[in-house]
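Residue numbers (the working numbering): 4 to 628.
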């Protein structure tokens, strides 16, 4: 370890708007001069000065002063609307607090090539910020106003506490900068050792200790690639979950920066290329074209470790851009539509869309544009277009639940709820919710995700109960898909069973349901999962011709609705809407398939006649399209 035999400290100053502002503080001359040379090479400031101060006498000596022209405008704060309320000093070092600070000081951090974590432990940088009478007061007042809105206190009181906390943060940064032992751990890539050496009496103190060491190590690295490479190297040395959490936080901070993303990825040809690149990193399957970038190694790391914060930041970048109005491609409407469909396929998960409510809202807004001809679509029409591209009901319902938790809800809640309720009421079994070949473990995982979304604040109680009760009923039936086949249904319904089984065949209980006028049973083009025997009431069958509806028939007691699509597995050829209060028996796809299967075994000729009859009916219907 080097000793300061001269008993001097060294401050590096930068010239901004004709004033000298302290940029960094050092205990060693060589470190100060190295920092000054780096600033001069970057040419981001008008001048650099290094001043040595004697610790014994207080005398100052200018060791270096150099000026040059830069054409950059002064940095400003970026207005933010969210910042966590911090009651203890340790709270300011949590990821949400650092994320808010990073967004607030985005221009300054990008100019310096620092993360918010590094800045928070850089004594010289903090002093420079404090002396900047344009940025510092504005930043404090912005955050103080947010805290006042949350706590109900006076903005001045909240701001005063922030000033007091900032003084503490400076003290912590000064002590951390003089602690070379922490850096020694990370010079040997021993993050696990650094964690183990931290204070054990307090979790907040231990995190602060570890983060300080990481900040010092990051500060030793040059550009964004070097910083991200350090995280990968640290992660490869230790597979501890706590280590991964620290790496996840800092990687997320780095990828918050537009400058960092451009440097790491080497730029993108268009928005859709950027979208896919960012999404692929979250999935651990990104193809990197930048030979200088460490993203290949980071991509492999993402494929094997849980990195929820980094994933959220990357998908948040996609959603933010998608929410705008700029096209994703430069090749016209047709290419734009195909790009949207391709992105949607990339985002599909077991029970919804990657990126949660923010992404669901952004996709809905974008769909209103890409499917429009010529005017923007309504929200229900946009949702129906998206739903038609999703593979199954579980994904569709998860997506709609996320839409309800997004800003779309503010103006279009009833429209979204209407689409959601229609899908929920069509569920007759778990096999109508999930693919038949989905493993039981994935079914269970998807059900858990759907239940979590159902219980969120985005769903009104009436619909929460409808969805929860429906899921409970489906689970109680015990007909989840397993190894490519449906398990036997052994449930019993509270209503009296309705059956047409012969005495030789055990009676199979089927579901009875009621529907009110205006409810849509299914729409043209929907995947068929059930048919309906009308016990009482009326159902209108209609098709759309442009913006008009053409009534085809009104079905009544004794008629069956939606049977053809169950027989030939084709999309619905028309829509069905309840005309008057109606009672029906639900005939599931599985039940009808079993009956037709038994018929094929006992009377193959009659079974074939049914297929031919259905095919001819469809052919006749197409003649009038």
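Beta carbons: idealized from backbone N, C-alpha and C, even for Gly.
It should be emphasised that the depicted structure is a prediction, and the values quoted were computed from it without experimental measurement.
Exercise for review: Whole angstroms is fine: what's the gap from residue 323's alpha carbon to residue 457's?
Suggested key: 25 Å
Exercise for review: Taking 7 Å as the cut-off, decide whether the C-beta atoms of residue 265 and residue 284 are in contact.
Suggested key: no
Exercise for review: Indicate whether at least one CB of chain C lies closer than 7 Å to the CB of residue 185.
Suggested key: No chain C appears in this structure, which consists of one protein chain only.
Point to revise | Classification of residue 191 by the beta-carbon crowding that lies within 10 angstroms, buried from 16 upward | key: exposed
**Study point:** Proximity below 7 Å, CB of residue 581 to CB of residue 542
**Key:** yes
Review point. Mapping DSSP to helix, strand and coil, what is residue 451?
Key: helix
Check your understanding: Count the other CB atoms within 10 Å of the CB of residue 348; is the residue buried (16 or more) or exposed (fewer)?
Key -> exposed
**Study point:** Distance CB(residue 556)-CB(residue 537) smaller than 7 Å
**Key:** no
Review point. From residue 529 to residue 574, what does the alpha carbon distance come to, in whole angstroms?
Key: 5 Å
Practice item. Just the C-alpha distance for residue 307 and residue 593, rounded to the nearest angstrom, thanks. Key: 39 Å
Exercise for review: With a threshold of 16 other CB atoms inside 10 Å of the CB of residue 150, please say whether the residue is buried or exposed.
Suggested key: buried
Exercise for review: Please say whether residue 54 and residue 17 have beta carbons closer to each other than 7 Å?
Suggested key: no
Check your understanding: residue 176 and residue 124: beta carbons closer than 7 Å?
Key -> yes
Check your understanding: With which residues is residue 355 paired in a DSSP beta bridge?
Key -> 352
Practice item. Consult DSSP for residue 421 and reduce its assignment to one of helix, strand or coil. Key: helix
Check your understanding: On the premise that residue 519 lies in contact with residue 565, defined as a C-beta separation below 8 Å, what is that separation, rounded to the nearest angstrom?
Key -> Not quite, the Cβ-Cβ distance comes to about 18 Å (not below 8 Å), so this is no contact.
Point to revise | Own chain partners of residue 380 with C-beta closer than 6 Å, once the 5 adjacent residues on each side are dropped | key: 371, 374
Review point. Tell me, which residues are paired with residue 517 by DSSP?
Key: 586
Review point. Secondary structure at residue 551, three-state DSSP: helix, strand or coil?
Key: strand
Check your understanding: Which whole-angstrom value describes the C-beta separation of residue 189 and residue 231, a residue pair presumed to lie in contact below a C-beta threshold of 8 Å?
Key -> Their Cβ separation, rounded to whole angstroms, is 15 Å, which puts residue 189 and residue 231 out of contact at 8 Å.
Review point. Within this structure, are the beta carbons of residue 219 and residue 173 separated by less than 7 Å?
Key: no
Point to revise | Contacting residues, own chain, Cβ-Cβ under 7 Å from residue 339 (five flanking each side not counted) | key: 330, 331, 332, 373
Point to revise | 7 Å Cβ shell around residue 388 - same chain, five flanking residues per side excluded | key: 370, 374
**Study point:** Straight-line Cα distance separating residue 251 from residue 311
**Key:** 7 Å
Point to revise | Nearest residue (CA-CA) to residue 254, options 235, 97, 241, 61 | key: 235
Point to revise | Cut-off 8 Å between Cβ atoms - residues of its own chain near residue 67, not counting five sequence neighbours on either side | key: 36, 39, 51, 52, 53
**Study point:** Sheet register partners of residue 188 (DSSP bridge)
**Key:** The partner list for residue 188 (beta bridge, DSSP) is empty, contrary to what the question assumes.
Exercise for review: Could you please give me the residues that DSSP links to residue 11 through a beta bridge?
Suggested key: 57
Review point. Would residue 363 pass as a contact of residue 356 if the rule is Cβ separation under 7 Å?
Key: yes
Check your understanding: How long is the line joining the alpha carbons of residue 475 and residue 156, rounded to whole angstroms?
Key -> 45 Å
Exercise for review: Helix, strand or coil for residue 315, going by three-state DSSP, please let me know.
Suggested key: helix
Review point. Within the chosen definition, does the region 200-211 reach the region 152-169 through at least 3 CB pairs nearer than 8 Å?
Key: no
**Study point:** residue 422 versus residue 87: straight-line alpha-carbon distance, rounded
**Key:** 35 Å
Exercise for review: Would you decide whether residue 183 is buried or exposed? Buried here means 16 or more other CB atoms lie within 10 Å of its CB.
Suggested key: exposed
Practice item. Could you tell me which residues DSSP puts in a beta bridge with residue 23? Key: 18
Review point. Got a sec? Which residues, its chain only, sit under 7 Å from residue 368 by beta carbon, not counting five neighbours each side?
Key: 326
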